[in-house]
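Engineer: Residue numbers (my numbering), protein chains in the order written: chain A, 159 to 272; chain B, 802 to 908. C-beta: ideal position from N, C-alpha, C; glycine also. Here the structure is a predicted model, which is why all the values come from computation and not from measurement.
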């Protein structure tokens, strides 16, 4: 079956611009996670959705970052007023349920802020 | 919050040798410890996981051990093959990842 997909695969933007990154989880997975991965580092947790609600958003670095999952399926990570330090790979993962179920990762969106 | 440390950052072995990667965690309440393999340009893929009610788990050439008292867990890969070359991550509490180990298996 289809895995987790993320679009776009690559995004180049200018400092100060707004970007949206999309994640399509595996059908039926209620849990969805966003991570940020810088070069040579492990994934850094950003936010976790259970259904439509954000169960844990403690990893969002500041109020420029926001994520939604209005229908409990597709999720969008939104970054306002992008900064060069936001450049990273943004990974999405989904699992059947939260709390210890296997996470399936997408290929990521490579964001470059010039 | 949970803090996960992973060692070594790089590991080079000869084909056929064993490889061991170690992680420590800080939160004694953590009860789920997955290991992921990440190849270039791809997302991490789960290779094995262990829960706090067991001390060891094996899957063919891969094994994971957990010492809850010492708060550390390890990944063991036996009979390494060149295709095992990748970056490996440990994690605790689902969402807290180590910094990764780049494993190179030389033919």
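1) Is it the case that the Cβ atoms of residue 899/B and residue 821/B are separated by a distance below 8 Å?
2) Straight-line CA distance for residue 178/A to residue 164/A?
3) Extract the residue ranges of the alpha helix (DSSP H) inside the segment 170-241 of chain A, only unbroken runs of 4 or more that lie entirely within it.
4) Since residue 272/A contacts residue 169/A with CB under 8 Å, what's their CB separation in whole angstroms?
5) Please decide whether residue 900/B counts as near chain A, where near means a Cβ-Cβ distance under 8 Å.
6) For residue 176/A, which residues in the same chain have their Cβ closer than 6 Å to its Cβ, ignoring the five residues on either side in sequence?
7) Taking 8 Å as the CB-CB cut-off, is residue 859/B touching chain A?
8) Across the segment 838-845 of chain B and the segment 257-270 of chain A, are there enough close Cβ pairs to call them in contact, namely three or more that are closer than 8 Å?
9) Compile a chain-ordered list of the residues in the segment 186-219 of chain A whose CB is closer than 7 Å to at least one CB of chain B.
10) How would you label residue 815/B, buried or exposed, when you count the other beta carbons within 10 angstroms and need 16 or more for buried?
11) Determine the contact status of residue 888/B and residue 870/B, defining contact as a CB-CB distance below 8 Å.
12) Bridge partners of residue 910/B, per DSSP?
13) Could you compute how far the alpha carbon of residue 167/A sits from the alpha carbon of residue 854/B?
14) Who are residue 807/B's beta bridge partners in DSSP?
15) May I have the straight-line CA-CA distance separating residue 864/B from residue 851/B, to the nearest angstrom?
16) Where residue 248/A and residue 836/B are concerned, what is the direct C-alpha to C-alpha distance, given to the nearest angstrom?
17) Round the Cβ separation of residue 213/A and residue 256/A to the nearest angstrom and send it over; I've been treating them as touching at under 8 Å.
18) Given residue 893/B, which residues of its chain have a CB within under 6 Å of its CB, disregarding the five upstream and five downstream residues?
19) Helix, strand or coil for residue 244/A? Go by DSSP, reduced to three states.
20) Please work out which residues of its chain come closer than 6 Å, Cβ to Cβ, to residue 201/A, disregarding the five sequence neighbours upstream and downstream, and give them in chain order.
21) Locate the beta strand (DSSP E) running through residue 903/B, then write down its first and last residues.
22) What span of residues does the beta strand (DSSP E) with residue 846/B cover, start to end?
Structural biologist: Per the coordinate set shown:
1) No, the Cβ-Cβ distance between residue 899/B and residue 821/B is not below 8 Å.
2) Their Cα atoms are separated by approximately 11 Å.
3) With a minimum length of 4 residues, no continuous alpha helix (DSSP H) run stays inside the segment 170-241 of chain A.
4) With a Cβ gap of about 11 Å, residue 272/A and residue 169/A do not count as contacting.
5) At least one chain A Cβ lies under 8 Å of residue 900/B.
6) Beyond the five residues adjoining it in sequence on each side, residue 176/A comes within less than 6 Å, by CB distance, of 238 in the same chain, given in chain order.
7) For residue 859/B, the nearest beta carbon of chain A is not closer than 8 Å to its own beta carbon.
8) Contact between the segment 838-845 of chain B and the segment 257-270 of chain A is present: three or more C-beta pairs spanning the two stretches fall below 8 Å.
9) Cβ contacts with chain B: 191, 199, 200, 201, 203 and 206.
10) Looking at its Cβ environment, which holds fewer than 16 other Cβ atoms inside 10 Å, residue 815/B is exposed.
11) The answer is no: Cβ separation not under 8 Å.
12) What is shown of chain B runs 802 to 908, which leaves residue 910/B out entirely.
13) Just so you know, the alpha carbons of residue 167/A and residue 854/B end up roughly 39 Å apart.
14) Answer by DSSP bridge pairing, in chain order: 824/B.
15) One C-alpha to the other measures close to 10 Å.
16) Spanning the two alpha carbons is a distance of roughly 19 Å.
17) Their Cβ separation, rounded to whole angstroms, is 7 Å, which keeps residue 213/A and residue 256/A in contact under 8 Å.
18) Here residue 893/B has 803, 805, 826, 831 and 834 as same chain residues with Cβ atoms under 6 Å from its own Cβ, once five neighbours each way along the sequence are excluded.
19) For residue 244/A, the secondary structure class from DSSP, reduced to helix, strand or coil, is helix.
20) Close CB contacts of residue 201/A within its chain, under the 6 Å cut and outside five residues either way in sequence, are with 193, 195 and 249 (chain order).
21) Taken as a continuous stretch (DSSP letters only), the beta strand (DSSP E) holding residue 903/B covers 902-907.
22) DSSP places residue 846/B in the uninterrupted beta strand (DSSP E) bounded by 846-852.
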